[in-house]
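714 is the number that the UniProt record's numbering gives to position 714 of the sequence shown; each next residue is one higher, with no gaps. Don't be surprised by glycine CBs; every beta carbon is placed ideally from N, CA and C.
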Amino acid sequence: MFIESALPRAWSAVPWARNACCIFILLLAMLVGGAAHAAQAADTSSTQAPTATDTSELTPARLADLLEDPAARQRLVEQLRDAAPAAGDEASQQTASAPSLPGRLAQSAQAFLAGMATHAGRAVDELTSLSSGGMTPQQRQELSSALLGVALVAAVTLVAFWLLRAIAAHAYARIDRWLARQPHTTAGAPRGAVLAVMLRRAGAMTGALVIDLAIVLAAGLAGYLAGLYGTSPRGDISAAQVMFVRAYIAVEFAKALIRGVFATRYPMLRLFTMEDDLARYWNSRLGRIATAIGYGLLLAEPLAKALLTESIGELLGLIIMLAAYLYAVRTIWRNRVALRQRLERRAAQATASYFGTWFRLLARTWHWLAVGYFTVLLVVSQVDTEHALPFMVQATIQSLLSLGVGALLLVVLHGALSRRIVLPQDVRTRLPMLEARVNAYVPAALKGLGVLIRIVVALFVLDAWRVFDLSSWLVSDAGATAVRTVVNVAIILLIAAVAWTLIASIIEHRLSLSEGSGTPTARERTLLALFRNAALIVIVTLTVLVVLSQIGVDIAPLIAGAGVVGLAIGFGSQKLVQDIITGVFIQLENGMNQNDVVQVAGIFGTVEKITIRSVGIRTLDGGYHLIPFSSVDVVSNHMRDFSYHLGEYTIAHRESVDDAVHHLRQAFEELMQDEVLAPEVLEDISIPGVTALSEKGVTIRVLIKTTPGMQWAVQRGYNRLVKKHFNAAGIELPYPHTVVYFGQDKNGYAPPANLFLQTDRPDEHGNARAAGQTRRRLSRETGAGGEDVLGNELDRVSEDEDDAPAAPRPVA
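See the structure below:
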């Protein structure tokens with residue numbers, strides 16, 4: 001009987017509490033009701049239904065009277081026809097009347113405030129009725145029985161929970177000491193050791209959480225059994241007791257998760273490193289908030305609705321949620337600076353700039369996120385009380401899982417970005433440039449994948465809070481099209497990247513071959529560079545066009561415009577096109593290469609630079625000549641396969657041809673003793689014989705086959721030796737002969753001739769020296785005497801544009 005009359009006596013015994021509560025409810029009702037009334041006042045005229053004759057209540061009897069009167073019935077039909085919209089304007093009126101998003105929010109807020117005002121007013125009336133003894137004896141009996149049953153189940157549940165927690169404390173302590181004895185890692189520890197420590201801690205914390213959840217379930221089971229068999233009728237449990245068991249399990253599950261994060265008495269089981277007093281502070285504050293919200297929404301409000309009235313239950317839920325909300329906001333606001341400083345210190349200690357950035361962003365916004373979370377909880381709890389906590393739990397879990405999985409994927413991507421990709425040894429041997437190119441492209445692709453992961457995580461978080469319906473969007477045409485477009489674009493970019501990587505790696509591998517490993521010629525370098533640029537242009541153009549077509553851009557005008565522009569360029573630059581086409585065919589036919597000695601368009605010199613349009617030639621006097629390929633009719637290349645020194649040596653008519661040929665061979669034998677020039681001679685000397693008999697003398701032809709480009713050096717060296725041997729042998733090289741005529745003056749006298757008598761000369765046995773020549777004794781030369789005859793025809797052009805011009809090619 002004490003329970004039956006406890007509530008009315010307490011309500012009437014404390015008048016100040018009753019009056020204060022009523023005044024608070026009345027003020028709230030006036031505020032809310034006034035706002036709702038002001039919001040609805042503007043729409044009163046549009047929401048009132050037109051009547052046929054007057055504004056009185058249209059009862060069934062009144063309607064029957066109107067229908068019996070023909071005149072009244074006719075007026076009603078006319079008014080209904082005037083009020084009905086035209087059939088053609090129905091769609092436009094529906095479109096015009098569809099409220100916008102701000103309008104829908106305003107209407108929802110108005111409806112919410114109006115509902116709160118209505119329930120507050122009803123709750124005041126019902127509380128006034130209860131305080132004045134409005135409860136029947138049966139209602140008091142039901143209330144007392146329900147409260148006694150809930151008290152019994154609560155007592156058994158909480159006692160069982162505390163006992164089991166006391167027993168499990170030994171297990172928690174042993175797990176904590178076991179973790180403390182395990183080896184810890186340092187900053188420079190191996191990756192395997194760090195992973196082992198993380199796995200041990202994760203396993204221990206998971207085990208402790210499982211034990212805690214098992215204790216909660218066991219205590220809840222004990223309370224359920226107490227309600228089932230400890231109250232009458234036995235074997236039956238009341239709805240109020242079931243409410244308490246459900247609320248207890250939900251609240252204690254949430255508190256178990258909070259205890260798993262902060263672990264006030266077991267530092268090694270704590271999820272984050274923090275001081276004990278800080279862990280106790282947040283554990284107690286969050287535990288109180290979870291207790292108030294859980295028991296308020298899952299027990300107090302439903303129990304008040306079931307045992308008292310619906311309005312009193314909703315008012316009680318509102319008061320509990322407002323108190324929890326204000327407490328949570330006060331706690332968050334008081335600790336915003338301290339937690340911000342702690343997060344900023346954690347950002348400064350982050351090993352990667354990526355994590356530091358996110359920690360700093362969280363430090364500046366965490367309190368606003370927390371306040372927004374509790375604000376959403378407050379609003380949802382009042383809009384949909386029955387599904388408020390399930391919605392919040394589902395949204396919170398989905399958000400945390402999305403953020404956790406996204407963070408894990410981003411950590412994996414960050415680790416992949418920080419590690420260099422190493423290809424197999426055989427691949428590096430065949431394509432040495434491929435590894436560097438892959439390491440240059442993969443980070444950009446991984447960063448793009450990171451952006452995509454962030455977008456997907458954001459969509460899942462928005463879907464969790466019903467801001468964006470992800471599942472409906474995915475099954476819609478727009479969502480399927482967007483996903484298909486993203487996948488197609490990714491595949492196209494991947495194929496383009498792989499194709500360009502392989503082509504460029506193969507070309508650069510050929511261009512980067514070192515001396516002795518099949519060094520590419522200048523022709524190959526020119527053609528490979530041309531093919532690489534052409535491949536890049538083709539791949540980029542096709543990729544852009546295909547990607548544009550995939551995202552819905554009509555590329556037909558682009559293709560047509562490109563064709564017109566290309567045709568216009570072709571007509572306007574025929575000479576340029578001719579230069580390029582001729583240059584391509586010259587390169588394909590291997591007409592000339594860099595460092596070749598050629599004669600092109602009347603210019604003789606060394607090829608210094610070849611492009612797809614022109615050739616640059618450096619002549620012996622140092623002049624640089626740029627010749628477009630359209631001006632090239634004939635290419636005379638003196639550096640192809642082999643060369644010949646073609647010598648035409650003329651001796652005097654008095655000399656013996658056989659002796660001259662003998663000495664020519666002697667000069668060649670001495671040439672073959674030269675360390676520099678001898679390796680450049682490919683075959684024995686060839687002397688076809690006398691090629692001409694002229695007024696100057698007898699001409700003998702000599703052919704010496706040499707390596708490409710060395711014919712001039714061999715010519716200079718051999719000519720020096722021929723002159724040397726001819727001088728030693730007294731063979732006269734003819735020079736011009738002059739006939740002297742002694743003229744006379746007008747008197748008939750001729751000038752005297754300056755004549756000298758030749759003294760007797762020793763007999764030289766038919767081998768007298770020629771006039772103007774000095775006989776010298778023949779001496780054999782040893783060593784590299786041919787170095788002084790090497791000319792500059794074969795000056796090498798540097799293959800690297802940044803290098804200085806190289807010295808003449810050494811001849812081995």
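Can you give the Cα-Cα distance for residue 533 and residue 449, rounded to whole angstroms? 28 angstroms
Could you spell out where the alpha helix (DSSP H) holding residue 349 opens and where it closes? Neither: residue 349 is in no alpha helix (DSSP H) and is coded neither H nor E.
Return the Cβ separation of residue 492 and residue 541 in integer angstroms, given the expectation that the two are a contact with Cβ distance under 8 angstroms. So it is not a contact: roughly 13 angstroms between Cβ atoms.
Quick check: what's the CA-CA separation for residue 738 versus residue 649? When rounded, the separation of the alpha-carbon atoms in residue 738 and residue 649 is 22 angstroms.
Exposed or buried, residue 614, counting other C-beta atoms within 10 Å across all chains shown (16 or more means buried)? buried
Rounded straight-line distance, which links the Cα of residue 596 to that of residue 639: 6 angstroms
Have a look at residue 296 and residue 202 and give me their C-alpha separation to the nearest angstrom. 33 angstroms
Alpha helix (DSSP H) containing residue 245: first to last residue? 239–262
Limits of the beta strand (DSSP E) - the one that residue 610 falls within: 603–610
Tell me whether residue 525 sits in a helix, a strand or coil according to DSSP, three-state version. Under the three-state reduction of DSSP output, residue 525 falls in the helix class.
Residues in its own chain within less than 8 angstroms of residue 168 by CB, not counting five upstream and five downstream? 211, 212 and 215
Considering just the uninterrupted stretch of the alpha helix (DSSP H) at residue 324, what are its terminal residues? 310–334
With DSSP as the reference, label residue 559 as helix, strand or coil. helix
If I measure Cβ to Cβ from residue 722 and keep anything under 6 angstroms in the same chain, skipping five residues before and after, which residues do I get? 667
Whose C-alpha, out of 719, 678 and 653, is nearest the C-alpha of residue 736? Shortest Cα-Cα distance from residue 736 to any of 719, 678 and 653 involves 653.
Please report the distance separating the alpha-carbon of residue 379 from that of residue 389. 11 angstroms
List the DSSP bridge partners of residue 654. In DSSP, residue 654 forms no bridge with anything.
When the Cα atoms are used, what is the spatial distance from residue 636 to residue 686? Rounded to whole angstroms, residue 636 to residue 686 spans 24 angstroms at the Cα level.
Sort out for me which residues DSSP pairs residue 714 with in a bridge. In DSSP, residue 714 forms no bridge with anything.
Leaving out five residues on either side along the sequence, give the residues of the same chain with a beta carbon under 6 angstroms from the beta carbon of residue 260. 209
Would you report the Cα separation of residue 609 and residue 510, rounded to the nearest angstrom? Their Cα atoms are separated by approximately 19 angstroms.
Provide the residue span of the alpha helix (DSSP H) that contains residue 304, from first to last. Going by DSSP, residue 304 is part of the alpha helix (DSSP H) stretching over 301–307.
For residue 626, write down the residues that DSSP places opposite it in a beta bridge. 616
Let me confirm a value: residue 672 is counted as buried when at least 16 other C-beta atoms fall within 10 Å, else exposed. Which label applies? exposed
Nearest to residue 251 by CA position, among 230, 233, 750 and 290, is which residue? 290
Spatially closest choice to residue 140 from 308, 300, 531 and 720, by CA coordinates: 308
Would you list, in sequence order, the uninterrupted beta strand (DSSP E) runs of no fewer than 3 residues that lie entirely inside the region 439–521? none
Since residue 226 and residue 153 are thought to touch, with beta carbons under 8 angstroms apart, how far apart are those beta carbons, to the nearest angstrom? 6 angstroms
CA-CA distance, residue 182 and residue 472? 50 angstroms
Below 8 angstroms, can you find three or more Cβ-Cβ pairs linking the region 331–349 to the region 363–370? With the cut-off at 8 angstroms, the region 331–349 and the region 363–370 touch.
Beta strand (DSSP E) containing residue 692: first to last residue? Segment 686–693, the beta strand (DSSP E) holding residue 692.
Comparing C-alpha positions only, which one of 688, 708 and 592 sits nearest to residue 641? 708
Determine contact between the region 494–511 and the region 460–472, defined as no fewer than three beta-carbon pairs at a distance below 8 angstroms. The region 494–511 is not in contact with the region 460–472.
Taking its Cβ as the centre, do 16 or more other Cβ atoms sit within 10 Å of residue 618, making it buried, or is it exposed? Within 10 angstroms of the beta-carbon of residue 618 lie 16 or more other beta-carbons, which makes it buried.
Around the Cβ of residue 270, are there at least 16 other Cβ atoms within 10 angstroms (buried) or fewer (exposed)? buried
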